[in-house]
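Using my numbering, the letters of the sequence shown correspond one by one to residues 15 to 184.
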Amino acid sequence: MTVRIVTVITLIVFLVSCKKSKEEYPIEPVLEYKSFVAYNKYEAFMVLKFTDGDGDIGLKSSDTTGIYDKSTPYYYNLYIKTFYKATDGSFKDTAIYDLQTNTIDTGLIKQRVQFVEKTNKEDYLKGEFEISLNGYRQLTSHKVIKYKIYFYDRALHQSKVLETPELVVP
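Right under this line is the structure:
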């Protein structure tokens with residue numbers, strides 16, 4: 015009798031432990047670096063993985079008024095700041111003053127990631143952003159760069175800042 019009880023309990027514990035638990039993610043988007051390819055001195059391609067606990071990723075083309083107006087920081091939802099490796103080994107801000115146009119190029123790349131339709135019944139959303147980076151650095155003399163990246167979801171939750179590894183470019 016006790017052997018039968020122990021067997022039943024062991025079987026129940028085994029079955030419960032095999033049950034897949036529901037995945038849970040924070041409601042703030044989480045970014046993870048996946049890859050970077052520089053095709054030449056001016057064009058590159060980066061892939062970032064993302065998760066979002068409430069699944070509200072991306073902007074619709076009609077999102078251009080109110081909080082998504084061009085004058086607000088939420089018109090763009092992906093911000094990529096460029097840094098270059100200086101001769102002393104530290105990474106420096108790439109802000110450059112242009113005498114001809116009397117402007118400052120801050121090295122900040124801003125993009126609008128399009129709305130992502132959920133394909134599952136879960137609350138969360140996970141996937142990848144494939145980002146084309148034309149003019150991915152300001153000067154071709156910058157041979158080692160890295161990026162600091164953050165993202166806003168539709169509820170304006172900001173991801174933590176992701177820092178890429180050092181990227182050697184042509």
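By construction, the Cβ of each residue, glycine as well, lies at the ideal position given by its N, Cα and C atoms. Keep in mind the model is a prediction, meaning the values are calculated, not measured.
Counting only residues of its own chain and dropping the five nearest sequence neighbours on each side, VAL61 has a CB closer than 6 Å to the CB of LYS48, SER49, GLU142 and GLU144. The beta carbons of PRO87 and PHE165 sit no closer together than 8 Å. Between THR101 and GLY121 a beta carbon distance of about 18 Å is seen, past the 8 Å cut, so the two are scored as non-contacting. Counting of Cβ neighbours within 10 angstroms places ALA58 among the buried residues, the total reaching 16 or more. With respect to the C-alpha of GLN125, the residue from SER104, HIS156, LYS106 and TYR82 having the closest C-alpha is TYR82. Cα atoms of GLY69 and GLU131: separation of roughly 9 Å, rounded to the nearest angstrom. Excluding its 5 nearest sequence neighbours in each direction, PHE129 has C-beta neighbours in its own chain below 7 Å: GLY72, LEU73 and LYS74, listed in chain order. Rounded to the nearest angstrom, the Cβ distance from TYR93 to ILE41 is 19 Å, too far for a contact under 8 Å.
Its chain contains GLU136 and TYR138 as the residues whose beta carbon lies nearer than 8 Å to that of GLU37, once the 5 sequence neighbours on both sides are disregarded; these appear in chain order.
Every beta strand (DSSP E) stretch that sits fully inside the region 66 to 100 and reaches 3 residues is listed by chain position as 92 to 99.
ASP167 is the residue among ASN54, ASP167 and PRO184 whose C-alpha sits nearest the C-alpha of ASP77. Only residues of its own chain outside the window of five on either side were considered, and among them ILE118, ASP119, GLY121, GLN152 and LEU153 have a CB closer than 8 Å to the CB of ILE110, listed in chain order. Excluding its 5 nearest sequence neighbours in each direction, LEU147 has C-beta neighbours in its own chain below 8 Å: GLU57, ALA58, PHE59, MET60, ILE94 and ILE123, listed in chain order.
When secondary structure is reduced to three states using DSSP, PHE129 falls in the coil class, being assigned neither helix nor strand.
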